[in-house]
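K.L.:
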Amino acid sequence: ETGVTQSPTHLIKTRGQQVTLRCSSQSGHNTVSWYQQALGQGPQFIFQYYREEENGRGNFPPRFSGLQFPNYSSELNVNALELDDSALYLCASSSWTAKETQYFGPGTRLLVL
Amino acid sequence: AQSVTQPDIHITVSEGASLELRCNYSYGATPYLFWYVQSPGQGLQLLLKYFSGDTLVQGIKGFEAEFKRSQSSFNLRKPSVHWSDAAEYFCAVVRNTGTASKLTFGTGTRLQVTL
């Protein structure tokens, strides 16, 4: 069984740029959630995708957007990067019927300069 | 509003000693509760979860947790800590908002193990 994978592992961008992070869900899972973890904090929910649609969102501005593909993989896009966007971005997958139980990938560490 | 509190930011225990990490939650209904562990630079690994039923739940790596509704607590325990248990531990509660399931995390407890 393949776990959740994310790419890239690390990324450095400058303020104002755009970034795309990628996630492949665990086999058998069809729901993907994204979280942002700032240094020294617990993860914060960004949004959740199911059937290629966003079905829930946390307190993040519209410049945070996502996609889910037919194979259940997902992308997180962030436009107009700000310094405060520097964080570990975590993807979690689950099955829709048990979406409360979420399994996390290793994360992408984003540094905005 | 739903929240999770982990009162201890940092705990140090000796290898072989017992461990208890505290977690308190604020939630109106019966909560779904989780403990995750995060090693440095890594993602989160699910240790155990509580949805209903027996209030003492067993997890991986020898961890267990006890749900106490009267105290709004879900403390994590391990009888004998190993050096490899050094990591950050997060307690979380699920909130179902509409059709989405959102995990709300505490701020974490960093565990240091001395030899």
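Going down the list, the protein sequences come from chains C and L. Residue numbers for the first sequence follow the numbering used here, so the first one is 1 and each next one is one higher. Residue numbers for the second sequence follow the numbering used here, so the first one is 1 and each next one is one higher. Every residue gets a Cβ at the ideal spot worked out from N, C-alpha and C, and that includes glycine.
Can you name the residues of chain C whose CB is closer than 7 Å to the CB of residue 100 of chain L?
P.N.:
By Cβ distance, chain C contributes 48, 55 and 56.
K.L.:
Are the beta-carbon atoms of residue 89 of chain L and residue 65 of chain L separated by less than 8 Å?
P.N.:
Not closer than 8 Å, so no.
K.L.:
Using a threshold of 8 Å, state whether the C-beta atoms of residue 48 of chain C and residue 86 of chain L are closer than that.
P.N.:
No, Cβ-Cβ distance for residue 48 of chain C and residue 86 of chain L is not below 8 Å.
K.L.:
What are the residues that DSSP puts in a beta bridge with residue 56 of chain C?
P.N.:
BP columns for residue 56 of chain C point to C/48.
K.L.:
Please report the distance separating the alpha-carbon of residue 116 of chain L from that of residue 62 of chain C.
P.N.:
One cannot answer for residue 116 of chain L here, as it falls past the ends of chain L, which runs 1 to 115.
K.L.:
Whether or not the region 4-14 of chain L and the region 10-21 of chain C are in contact is what I'm after, with contact meaning three or more pairs of Cβ atoms, one per stretch, closer than 8 Å; do they touch?
P.N.:
Too few Cβ pairs lie closer than 8 Å, so no.
K.L.:
Just the C-alpha distance for residue 83 of chain C and residue 90 of chain C, rounded to the nearest angstrom, thanks.
P.N.:
Whole-angstrom Cα-Cα distance: 18 Å.
K.L.:
Checking contacts by CB at 8 Å: is residue 21 of chain L closer than that to chain C?
P.N.:
No, its Cβ sits nowhere closer than 8 Å to a Cβ of chain C.
K.L.:
For the region 80-108 of chain C, list every residue whose C-beta sits within 7 Å of some C-beta in chain L, in sequence order.
P.N.:
Residues 90, 99, 100, 101, 102, 103, 104, 105, 106 and 107.
K.L.:
How would you list, in chain order, the residues of chain L whose beta-carbon sits under 8 Å from the beta-carbon of residue 43 of chain C?
P.N.:
The answer, in chain order, is 44, 90, 103 and 105.
K.L.:
Taking its Cβ as the centre, do 16 or more other Cβ atoms sit within 10 Å of residue 88 of chain C, making it buried, or is it exposed?
P.N.:
So residue 88 of chain C ends up on the buried side.
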